[in-house]
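Numbering (our numbering), first residue to last: 26 to 155. Have a look at the structure below before the remarks.
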Amino acid sequence: MPLHLTKIAFGAKSYDHLEGWYRGRSEIRLTTRNRPTRHEECVGGSLYWIINHAIVARSPITGFAKTDDGRWDICLAPELIRVHTQPKRAHQGWRYLTDDKAPRDVAEGEDIGDALPGRLAMKLERLGLV
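Written out as structure tokens, the structure reads:
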């Protein structure tokens, strides 16, 4: 089972905004200061995007590459896969996510309805209402 990463989609206001980052691109690279210690386990996994305190989409991780300035690129497939919204607290950088805690993909033609905003979903979960 591959290991996944989570990352804040900084600047993205919505899924549609994030989707715009992918349009017309043949590859997606995210630069980070440090390569994840468990990077080998992440290849074949996905990077899950967080918008407004909720995981909303994922992109398959194809590899890691060192840049000329000593940083690392997380190389992603140029596809954005919508997932069932799952509350997730904000964090800096990336975090690991195991397969059993990752939200499932939205199936083609599946109606996900109106998803709760991340903050509201977290509050309701803390109260035991969802």
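Beta carbons: idealized from backbone N, C-alpha and C, even for Gly.
Practice task
Give the straight-line distance between the Cα atoms of E65 and S71, rounded to the nearest whole angstrom.
Solution key: If you number the sequence shown from 1, residue 65 lands on position 40. If you number the sequence shown from 1, residue 71 lands on position 46. Looking at the two C-alpha atoms, the distance is approximately 12 Å.
Exercise for the section: Might you give, ordered along the chain, the residues of its own chain that have their beta carbon closer than 7 Å to the beta carbon of Q111, omitting 5 neighbours on each side? Expected result: The sequence position of residue 111 within the sequence shown is 86, counting from 1. So the list reads A79, I80 and P128, once near-sequence residues are dropped.
Problem - Span separating the alpha-carbon of Y121 from that of L30 - result: The count along the sequence shown starts at 1 and reaches residue 121 at position 96. The count along the sequence shown starts at 1 and reaches residue 30 at position 5. Approximately 5 Å, taken between the alpha carbons.
Problem - Whole-number beta carbon distance between A37 and I76, since they are thought to touch under 8 Å - result: Within the sequence shown, numbered from 1, the residue matching residue 76 stands at position 51. Within the sequence shown, numbered from 1, the residue matching residue 37 stands at position 12. Indeed, because the Cβ distance is near 5 Å, the residues count as touching under 8 Å.
Problem - Spatial neighbours of R107 in its chain, beta-carbon cut-off 8 Å, leaving aside the 5 residues before and after - result: Here residue 107 refers to the residue found at position 82 of the sequence shown. The residues are Y40, V81, A82, D130, V131 and I137.
Exercise for the section: Taking 8 Å as the threshold, find out whether the stretch 55–63 comes into contact with the stretch 93–102 through three or more Cβ pairs. Expected result: Touching, per the Cβ criterion.
Practice task
Figure out for me which residue from Y47, A34, L43 and T92 has the closest Cα to the Cα of P103.
Solution key: Here residue 103 refers to the residue found at position 78 when the sequence shown is read from its first residue. Checked all of Y47, A34, L43 and T92; the closest Cα to P103 is Y47.
Problem - Straight-line gap, R114 to S51 (C-alpha atoms, nearest Å) - result: Within the sequence shown, numbered from 1, the residue matching residue 114 stands at position 89. Within the sequence shown, numbered from 1, the residue matching residue 51 stands at position 26. Roughly 30 Å between the two C-alpha positions.
Problem - Residue interval of the beta strand (DSSP E) (run including L101) - result: Within the sequence shown, the letter at position 76 stands for residue 101. Its beta strand (DSSP E) spans residues W97 to L101.
Problem - C-beta contact flag for G69 and P27 at 8 Å - result: Sequence index remark: in the sequence shown, residue 69 carries index 44 (1-based). Sequence index remark: in the sequence shown, residue 27 carries index 2 (1-based). Less than 8 Å separates the beta-carbon of G69 from that of P27.
Problem - Per-residue burial, K126 [other beta carbons within 10 Å of its own, 16 or more giving buried] - result: Taking the sequence shown and counting its residues from 1, the one referred to as residue 126 is at position 101. K126 should be labelled exposed.
Practice task
May I have the straight-line CA-CA distance separating G118 from W74, to the nearest angstrom?
Solution key: In the sequence shown, counting from the first residue as 1, residue 118 sits at position 93. In the sequence shown, counting from the first residue as 1, residue 74 sits at position 49. Going by the C-alpha atoms only, they are around 12 Å apart.
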